[in-house]
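Take a look at the structure below.
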Amino acid sequence: RAKGDGRGVARLFEREMDARMQERRRLEIDLRAALENGDIEVSYQPIVDIESNKVRCFEALARWHHAERGQIPPDVFIPLAEEIGLIDKIGAHVLSRACTDAATWPETIRVAVNLSPAQFATEALVDDVEETLIRTGLTPDRLELEITETALLNQTDTTLTILARLRHFGVRIAMDDFGTGYSSLAYLRKFPFDKIKIDRSFISELEGNDESQAIVRAIIGLGSSLGIATTAEGVETSDQLAKLRAEGCQEVQGWLFSKAVPANQITLLLKAIEHWRDTAA
Ligand code: C2E
Ligand code: MG
Ligand code: MG
Ligand code: MG
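Just remember that UniProt numbering sits 552 ahead of the position in the sequence shown, which is counted from 1.
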């Protein structure tokens, strides 16, 4: 009996695995098709100067609207793209869209593009960035590339060469999700970042969690000692905003200001934020 039960469980497990593999296969095929058909779109979330409330930057965030399943979050399809070797193409697509769109914005506003660790495998990334900037006419100092510490964990030598070349070209480099990895501090010493983005998990605990508040204060202090600007991610409440202002954080990003919007809504969004700034002041 016990033996029979075991086999039953094994078979159930196998069927479950098969179903998952099939599901993944299907998503994989759909993702390739989506990229071909131009269904991978880019939305933009404003990053605001905490003192002037002026929009300094928009972060480009990839969006995939699946015909049957609706919106599929980048936390799902970006890792999938990495696994199936599609991330270079998606990355190039997002970069191209972002630079093309940003070239139409006021010159004081930059665009931030996320890079996956896998994009640092070869120096081809540098050529792609340079080619895209030249083709779109966006000046290099208006492009910010966001990388997480995972990108720095592996191919350290190539990665550092790539970063140095990009920075030499005039592109700005930001460390994303700061504080979530194991050795964020070590990397600050290895490479001169232009910006630190404090991970949302610390911001969401700013109210009522003394430890998070101490960590946020320390990160901002660290940034200011090193001459690196800090941006807080995931600001949702005016209380969080007030605390960040008191701590001397320079830039804020979050739903308090706006979620990511499609490119064609940017002009309207900029007007709305301007209006809000004028009435608040
Ligand atoms: P990220 O780069 O840290 O982007 C910030 C994420 O936080 C975005 O999620 C954004 O929508 C979300 N967010 C912003 N403000 C708030 C807030 O106030 N509250 C909450 N709860 N969330 C907020 P999203 O768009 O789902 O992207 C998730 C992650 O997927 C990104 O994290 C980034 O790591 C990755 N990603 C997105 N687009 C791309 C891309 O084009 N290339 C690569 N390599 N990764 C991308
Ligand atoms: Mg980011
Ligand atoms: Mg982040
Ligand atoms: Mg993230």
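Yeah, the Cβ is synthetic: ideal placement off N, Cα and C, and Gly gets one too.
Exclusion of Asp627 from the 7 angstroms shell around ligand 2 follows from its C-beta lying no nearer than that to any non-hydrogen atom of the ligand. The DSSP assignment places complete beta strand (DSSP E) segments of no fewer than 3 residues inside the segment 739-768 at 747-750, in order along the chain.
Bridge partners of Met727 according to DSSP: Ile699, Ile748. Relative to Phe745, the option among Gly760, Ser753, Thr700, Ser648 whose CA is nearest is Thr700.
With contacts defined as CB atoms closer than 8 angstroms, Ala614 and Pro626 qualify as a contacting pair.
Residues with their Cβ less than 7 angstroms from any non-hydrogen atom of ligand 2, running along the chain, are Glu611, Ala664, Asn666, Glu698, Asp728, Lys749.
Restricting attention to alpha helix (DSSP H) runs no shorter than 4 residues, the segment 799-832 encloses them at 818-832, ordered along the chain. Counting the other Cβ atoms within 10 Å of the Cβ of Ala654 gives 16 or more, which makes it buried. Judged by their CB atoms, Arg662 and Arg694 are nearer to each other than the 8 angstroms cut-off. Residue pairing from DSSP places Val663 in a beta bridge opposite Phe610, Leu695.
When secondary structure is reduced to three states using DSSP, Ala781 falls in the strand class. Collapsing the DSSP output to three states places Gly786 in coil.
Distance from the C-beta of Glu803 to the nearest heavy atom of ligand 3 is not below 7 angstroms. Taking each of Leu647, Asn589, Arg577, Gly590 in turn and checking the Cα distance to Glu683, the smallest one comes out for Leu647. Where Ser595 is concerned, the enclosing beta strand (DSSP E) starts and stops at 592-601. Between Gly806 and Glu788, the C-beta spacing is below 8 angstroms. Residue Asn666 holds the alpha-carbon nearest to the alpha-carbon of Arg724 among Asn666, Ile767, Phe730, Gly731. Between Phe721 and Ile750, the C-beta gap is not smaller than 8 angstroms, which leaves the two residues out of contact. When secondary structure is reduced to three states using DSSP, Arg719 falls in the helix class.
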